[in-house]
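Trainee: Under this note's numbering, the letters of the sequence shown match residues 4 to 129, in that order. Provided herewith is a single structure, encoded as structure tokens, for subsequent inquiry.
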Amino acid sequence: MANVFGSITAFIDKYLIVGLSGACVVLGIAFGVAQYRLSSSQADLKDAETQIEVLTDKVLTRDVQLTLKDTTISRLESRNAERLVEQSTYQFDLKGILDAPAEENQNPVDDVLCRAVSGTKCLQNN
């Protein structure tokens, strides 16, 4: 009976060592695959971080461009308002010249030039 138990324990010891060795090999391979996937994921993460930085720079550039466009639009609108005021003033002066009595309007071109230069009414009596 001792011989049977001895052969069974020898059989179990032999295959237990082989089984444990196989399990260690399988665990080593699994660890290697996990490490490879982890390094691959880290590379993908670095690529994603780089893309995020590039996109952040693009967004900041676009934000600056929009700010400059808004500033330009604001300045153009204020300059347009100033020009409209100037234009209405000039149209009022021109209307005054065109509606002036005949004695004040003997030479309207000279009168317009005189008013443009001096800002006062000019009577040209030739």
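Ideal placement from N, C-alpha and C gives every residue a C-beta, glycine not left out.
1) Looking at the structure shown, is D102 part of a helix, part of a strand, or coil, going by DSSP?
2) In angstroms with no decimal places, state the Cα-to-Cα distance between D73 and V62.
3) For I76 and R86, I'd like the C-alpha separation in whole angstroms.
4) What's the C-alpha gap between F95 and R78?
5) Going residue by residue through the region 27-53, where are the continuous alpha helix (DSSP H) segments of at least 4 residues, counting only ones entirely within it?
6) CB-CB under 7 Å to N6, same chain, minus the five flanking residues each way: which ones, in chain order?
Mentor: The answer reads as follows:
1) In this structure, DSSP gives D102 a state outside helix and strand, which the three-state scheme calls coil.
2) 16 Å
3) 15 Å
4) Cα to Cα, F95 sits roughly 26 Å from R78.
5) none
6) So no residue of the chain qualifies.
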